[in-house]
Amino acid sequence: MRIAQLAGRTVLLTDEGAIPVPTDLATDLFAHWDDLREWSRSASATDARPYDPADLQAPGRPAPRQIFAVALNYRPHTAEAGYEEPSAPLVFTKFPTCLTGPYTTVDLPPGNVDWELELVAVIGREAHKVPVEKGWDPVVALTVGQDLSERISQLAGRPAQFSLGKSYPGFGPVGPALVSLDEIDAVGHRDDLELTCELNGEVVQYDRTANMIFPVPQLVSYLSEFCTLLPGDLIFTGTPAGVGNRRVPQRFLTPDDELVSRIGSVGEMRHRFRRTAP
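Rendered as structure tokens:
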């Protein structure tokens, strides 16, 4: 099941097109997730309509109340950043106003804006103090994310405070859909997904989620020790090696760049960038 927001309407994405989700299920996707899955199995392809991917918006409804993100969760990225492997997840937040859809143009603020492709876990059920062996239980879907980061403001101060430099408008692209775990497992494995990020056709990041230092169940368990996870919350699970500020020479996003973010069996996003007048 692939649930998306299309021009303000909740839809099921299929090979035949987009099928509108009944209103009684669409008002709160996570409260009705099991009913939504049951409805999707019998949804009629005759109701599907062609759609323009450019009309897709950030897929969750209601919007997440909490967005967690994890730093240094792939060993090659930890090494390129010059750090030792962390002994526990390194967590920061992105603010919900940064969210945008999978095919938008993002305004570049002053500074150095970098890319970070990430698998995003979507919480569907309230959860607190979840054992690691049950860490997948509160997760109902996965989606593609980009943790866009303005590096100057992100790294300013001692110690650095990440959240503001990663929360400019448009700095949290997610999509194109919420993909249910059963659909992912039908074609692959939720713990071993291929990640590819391309900038203007050049592959700048490539890895597999099996190489996470802290896999999704461990992240869910760890976060839920500190706070209650809520339906609709997002967990950005970390980025592979290949970010721009660790390249020699450094490379950052510029106007008219095209960034393609792809995770096997989950989906693909495409973003362009522009510089606005101060």
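Counting in our numbering, the sequence shown runs from 246 upward without gaps.
Even glycine gets a Cβ: it sits at the ideal position worked out from N, Cα and C.
Rounded to a whole number of angstroms, what is the C-alpha to C-alpha distance between G262 and T291? Residue 262 sits at position 17 when you count from the first residue of the sequence shown. Residue 291 sits at position 46 when you count from the first residue of the sequence shown. Rounded to the nearest angstrom, the two C-alpha atoms are 10 angstroms apart.
DSSP three-state call for Q311: helix, strand or coil? Position 66 of the sequence shown holds residue 311. Coil at Q311, not helix or strand.
Going residue by residue through the segment 277 to 345, where are the continuous alpha helix (DSSP H) segments of at least 4 residues, counting only ones entirely within it? For the segment 277 to 345, whole alpha helix (DSSP H) runs of length 4 or above, ordered along the chain, are 278 to 287, 320 to 325.
Other residues of its chain near T323: CB distance less than 7 angstroms, five sequence neighbours each side excluded: The residue given as residue 323 occupies position 78 in the sequence shown. Short of 7 angstroms from the beta carbon of T323, and not among the five residues preceding or following it, lie these beta carbons of its own chain, in chain order: L317, E330.
Give me the Cα-Cα distance between G381 and V493, rounded to the nearest whole angstrom. Within the sequence shown, residue 381 is the residue found at index 136, counting from 1. Within the sequence shown, residue 493 is the residue found at index 248, counting from 1. Before going on, a small fix: residue 381 reads as Trp here, not Gly. Answer to the nearest angstrom: the Cα atoms are 38 angstroms apart.
Measure the alpha-carbon distance for F416 versus L344 and round it to whole angstroms. Against the sequence shown, residue 416 aligns to sequence position 171. Against the sequence shown, residue 344 aligns to sequence position 99. About 6 angstroms.
To the nearest angstrom, how far is it from the Cα of G346 to the Cα of P418? Here residue 346 refers to the residue found at position 101 of the sequence shown. Here residue 418 refers to the residue found at position 173 of the sequence shown. Approximately 5 angstroms, taken between the alpha carbons.
Using 10 angstroms around the beta-carbon of S289, count the other beta-carbons present and answer buried if the total reaches 16, otherwise exposed. Stepping through the sequence shown from its first residue, residue 289 is reached at position 44. Under a 10 Å Cβ-count criterion, S289 is classified as exposed, with fewer than 16 other Cβ atoms of the shown protein chains found around its own Cβ.
So, with DSSP's three-state summary, where would you put G512? The sequence position of residue 512 within the sequence shown is 267, counting from 1. Reduced to three states, the DSSP call for G512 is strand.
Identified DSSP bridge partners for M457: By one-based count along the sequence shown, residue 457 stands at place 212. BP columns for M457 point to Y319.
With DSSP collapsed to three states, give me the class of D352. Position 107 of the sequence shown, counting from 1, holds the residue named residue 352. Note: D352 maps to strand in three-state DSSP.
Starting from G410, trace the alpha helix (DSSP H) both ways and give me its first and last residue. For the purposes of this step, residue 410 is identified with residue 165 of the sequence shown, where counting begins at 1. Residues 407 to 410.
Alpha carbons only, please: which of L464, R403, A431 is nearest the one belonging to A372? Sequence index remark: in the sequence shown, residue 372 carries index 127 (1-based). Here the closest residue by C-alpha is L464.
Taking only the alpha-carbon atoms, compute the straight-line gap between A276 and T473 and give it to the nearest angstrom. The residue labelled residue 276 in the question sits at position 31 within the sequence shown. The residue labelled residue 473 in the question sits at position 228 within the sequence shown. Approximately 16 angstroms, taken between the alpha carbons.
What is the DSSP secondary structure of A431, counted as helix, strand or coil? As a first step, residue 431 must be located in the sequence shown, where it is residue number 186. In the structure shown, A431 sits in a helix (DSSP, three-state: H, G or I).
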